[in-house]
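**Student:**
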Amino acid sequence: MERAKSVGITLKGLCKHYQGKTAVDNASLEVAPGELVSLLGPSGCGKTTTLRMIAGFELPDQGQVLFGDQDVTRVPAEGRQVGMVFQNYALFPNLSVAGNIGFGLRVARWGADKARARVAEMVGLVGLKGFEDRAVQNLSGGQRQRVALARALAPQPRLLLLDEPLSALDAKIRAGLRTELRRLQLDLGITTVMVTHDQEEAMSMSDRVVVMNHGKIEQIGSPRDLYTRPQTAFVATFIGSMNLFAPERVGGNWRISGQELALPVVPPGKIGVRPERIELNGGGQFPGTVELVTYLGAEQQVLVRVGPDLWTVFVPNQTLVTRGDPVRLHVPDDAWILV
Amino acid sequence: MSTALRRIVLGALVVYLLFPVVASLVYSFSTNWTALLPEGYTLEHWLKLGGSERFWVALSRTAILSFSVVALSVFFLVPTLFVVKLYYPRVAGVLEFLTLWPFVFPGVILAVGLIQLYSSPPVVLAQTPFLLIAAVTVISLPYAYRAVDNAFAAADVKTLAEAARSLGADDAKTLLWVILPTVLPGVLSGGVLAFSAAFGEFALTQLLIGTAWETLPVYQVQISGTEGKVSAAITVISFLAAWGLGALALSLRRDGKVSVI
Chain A
336 MERAKSVGIT
346 LKGLCKHYQG
356 KTAVDNASLE
366 VAPGELVSLL
376 GPSGCGKTTT
386 LRMIAGFELP
396 DQGQVLFGDQ
406 DVTRVPAEGR
416 QVGMVFQNYA
426 LFPNLSVAGN
436 IGFGLRVARW
446 GADKARARVA
456 EMVGLVGLKG
466 FEDRAVQNLS
476 GGQRQRVALA
486 RALAPQPRLL
496 LLDEPLSALD
506 AKIRAGLRTE
516 LRRLQLDLGI
526 TTVMVTHDQE
536 EAMSMSDRVV
546 VMNHGKIEQI
556 GSPRDLYTRP
566 QTAFVATFIG
576 SMNLFAPERV
586 GGNWRISGQE
596 LALPVVPPGK
606 IGVRPERIEL
616 NGGGQFPGTV
626 ELVTYLGAEQ
636 QVLVRVGPDL
646 WTVFVPNQTL
656 VTRGDPVRLH
666 VPDDAWILV
Chain B
1151 MSTALRRIVL
1161 GALVVYLLFP
1171 VVASLVYSFS
1181 TNWTALLPEG
1191 YTLEHWLKLG
1201 GSERFWVALS
1211 RTAILSFSVV
1221 ALSVFFLVPT
1231 LFVVKLYYPR
1241 VAGVLEFLTL
1251 WPFVFPGVIL
1261 AVGLIQLYSS
1271 PPVVLAQTPF
1281 LLIAAVTVIS
1291 LPYAYRAVDN
1301 AFAAADVKTL
1311 AEAARSLGAD
1321 DAKTLLWVIL
1331 PTVLPGVLSG
1341 GVLAFSAAFG
1351 EFALTQLLIG
1361 TAWETLPVYQ
1371 VQISGTEGKV
1381 SAAITVISFL
1391 AAWGLGALAL
1401 SLRRDGKVSV
1411 I
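Chains as they are written, first to last, in this note's numbering: chain A, 336 to 674; chain B, 1151 to 1411.
(1) Which whole runs of the beta strand (DSSP E) in the stretch 459 to 511 of chain A are 3 residues long or more, in chain order?
(2) Please list, in chain order, the chain C residues whose beta carbon lies closer than 9 Å to that of B:Thr1355.
(3) Comparing the C-beta of A:Val442 with each C-beta of chain B, is any distance below 8 Å?
(4) Rounded to a whole number of angstroms, what is the C-alpha to C-alpha distance between B:Thr1212 and B:Trp1251?
(5) How many whole angstroms separate the CB atoms of A:Val471 and A:Val420, which I take to be in contact at a CB cut-off of 8 Å?
(6) Assign A:Met540 to one of three DSSP states: helix, strand, or coil.
(7) With 8 Å set as the bound, which would you pick, yes or no: does the beta-carbon of B:Leu1317 sit closer than that to a beta-carbon of chain A?
(8) Taking a contact to mean a Cβ-Cβ separation below 8 Å, would you say A:Phe649 touches A:Pro610 in this structure?
(9) Could you check how far apart the C-beta atoms of A:Gln635 and A:Asn616 are, in whole angstroms? I think they sit under 8 Å.
(10) Residues of chain B with CB closer than 7 Å to the CB of A:Pro490, please, in chain order.
(11) How about B:His1195 and B:Ser1178: are their beta carbons less than 8 Å apart?
(12) Between which two residues does the alpha helix (DSSP H) carrying A:Phe569 extend?
(13) Closer than 8 Å, Cβ to Cβ, to anything on chain A: give me those residues from the stretch 1302 to 1315 of chain B, in chain order.
(14) My output table needs one value for B:Leu1186: the three-state DSSP class, helix, strand or coil.
(15) Going by beta-carbon coordinates alone, are B:Leu1260 and B:Ala1285 separated by less than 8 Å?
(16) On the three-state DSSP scale, how would you describe B:Val1262?
(17) Compare the C-beta of B:Ser1409 against all C-beta atoms of chain A and say whether one is closer than 8 Å.
(18) Beta strand (DSSP E) containing B:Gly1161: first to last residue?
(19) Between A:Asn473 and chain B, is the shortest Cβ-Cβ distance under 8 Å, so that the two count as touching?
(20) Check whether the stretch 497 to 505 of chain A touches the stretch 456 to 472 of chain A, taking contact to mean three or more Cβ pairs, one atom from each stretch, closer than 8 Å.
(21) Quick one: is A:Phe569 near chain B, going by C-beta distance under 8 Å?
(22) If I measure Cβ to Cβ from B:Leu1231 and keep anything under 7 Å in the same chain, skipping five residues before and after, which residues do I get?
(23) Put A:Val662 into one of helix, strand or coil per three-state DSSP.
(24) Have a look at A:Ala633, A:Met577, A:Gln397 and flag the residue whose alpha-carbon is nearest the alpha-carbon of A:Asp644.
(25) Since A:Gly524 contacts A:Ser373 with CB under 8 Å, what's their CB separation in whole angstroms?
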């Protein structure tokens, strides 16, 4: 399998407004060659607009897009050599599977033999041997997205853009395709930017994740970084779940959920703790009452009322708790996260 | 609803729609028809029609008119809708409103206005087939617009065009290789509708050009007073033309997912 001639991407201070509303506000980002970076955030956070500016479908009001050293800000989409996969597949309904995959080669005037060989290679790559002459309407969602991926990769693009590529698929197929997509991306070494609103998808597939909110980049980091060292309250609560508090100073101690305790650090602002780090333990600092138990299979999510706050705690599934039980919550010193 | 009743409902519609056509067909072959059934049958009227040079001239004019209208409608609609859907989505509402105008203004108003405007310099087109073709295109456009617009809406043309562009296709290739084939079923349906509207157009034709450039409907009206059975044969021909073209368009549709109308 040949290695793609992938380039890095640099975004410098990208801004985009729609009718007075700011869609993307001063977004800067560097993507290394061969890296997979996800743009993650709630709908309307600007992640799709950012991707569309990289693809060339939107012109930024300010800022630059660079592929390697080349400034492509004003290069139209058809001149950027970018492979793109869309949420709703966007396969050409008048063409067969092979016709779709070969479209970019036809546009680029590849020779017939070379194009045929390339299409065959791509069909094999995405595991659709034998489907070459099928009409795309007769394929399942997962198969369609494989065709879309093969079509995007066939003309050897400089980078790959994925716009919510798995959102239209069933949970089972999504999980399978997620792994496959990542393996393929690593094998080909192709620089990839993926937009998703699914944090699990972003965390599991990406080298780095860019968390966006209200058009701004909140934090850029590896999945582990974002989970263990969130820098803003938004990131802390958007990635995984987090019990977040604003502690009050009381003498030398701090008050959290009505309980005074000594903290190992001085919190600069808010302080939080992940639900899975909390222990149900007779010696815990926080006395509370179980309000709701949700059985999730591998674990249970327990909501505990502690003073004015409702804490979320993940408890192993063999621990028996029911609504109304008095419990004490223990937070180990190293479990506190400063935000 | 019982099975019998369901069939009656459908059957009543079929009878209502087909009866005039069948009656015209029988009438065009009849010798004398005063009782419930004709006294006898003859090919006389059809032979007479086939032997009339005036008929063939009128038919070819109507063909020229209809196909020109179809060509103009497609020429105006497909690129326009492509541009509107992709670059000016908010213009779509205006376009839709505009296509309703020919329904609002009676043909008479349109005809009188056109004659006045084009009878004097700088542009003198009154009493020419060009003005007729242009005018009939305007009133046929709404029919074609519906069908073509539906095809554009059903296909998510915007994303398809973006996919094509990301694969290196410029606007011309995108339109010719992706969008046109995708909306072709709708274009064919729209073409058939525009064709039918133009083929049977009488009021505007009569006012704009009349017998100076006689089309089939005008010819039919001219002879209907004296040659009723020949006129019936023309009615049958008109129906066959519309149905034949419709069937052809249907058989050309490869993708069954886009609605005909």
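Here a beta-carbon is modelled for each residue, glycine too, at the ideal position from N, C-alpha and C.
**Tutor:** On the basis of the coordinates in this document:
(1) Unbroken beta strand (DSSP E) stretches of 3 residues or longer found wholly inside the stretch 459 to 511 of chain A: 494 to 498, given in chain order.
(2) In summary, chain C is missing from the structure at hand, where the protein chains are A and B.
(3) yes
(4) The alpha-carbon atoms of B:Thr1212 and B:Trp1251 are separated by roughly 24 Å.
(5) Actually they are not in contact, since the Cβ atoms of A:Val471 and A:Val420 sit about 14 Å apart, beyond 8 Å.
(6) Looking at A:Met540 - three-state DSSP - the assignment turns out to be helix.
(7) yes
(8) yes
(9) Contact annotation, A:Gln635 with A:Asn616: C-beta distance approximately 16 Å; criterion of less than 8 Å not satisfied.
(10) One finds Leu1317, Gly1318 in chain B with Cβ atoms closer than 7 Å to the Cβ of A:Pro490, taken in chain order.
(11) yes
(12) For A:Phe569, the enclosing alpha helix (DSSP H) starts and ends at 568 to 573.
(13) The stretch 1302 to 1315 of chain B vs chain A, Cβ under 8 Å: Ala1305, Asp1306, Thr1309, Leu1310, Glu1312, Ala1313, Ala1314, Arg1315.
(14) coil
(15) Yes. Within cutoff.
(16) Helix.
(17) Confidence at B:Ser1409 is low in this model, with a pLDDT of 38, below 50, so its placement is unreliable and no value can be given for it.
(18) B:Gly1161 -> not in any beta strand (DSSP E); alpha helix (DSSP H) instead, spanning 1153 to 1178.
(19) Chain B, which has no Cβ nearer than 8 Å to the Cβ of A:Asn473, makes this no.
(20) no
(21) no
(22) Val1298, Asp1299, Phe1302
(23) Note: A:Val662 maps to strand in three-state DSSP.
(24) A:Met577
(25) Actually they are not in contact, since the Cβ atoms of A:Gly524 and A:Ser373 sit about 17 Å apart, beyond 8 Å.
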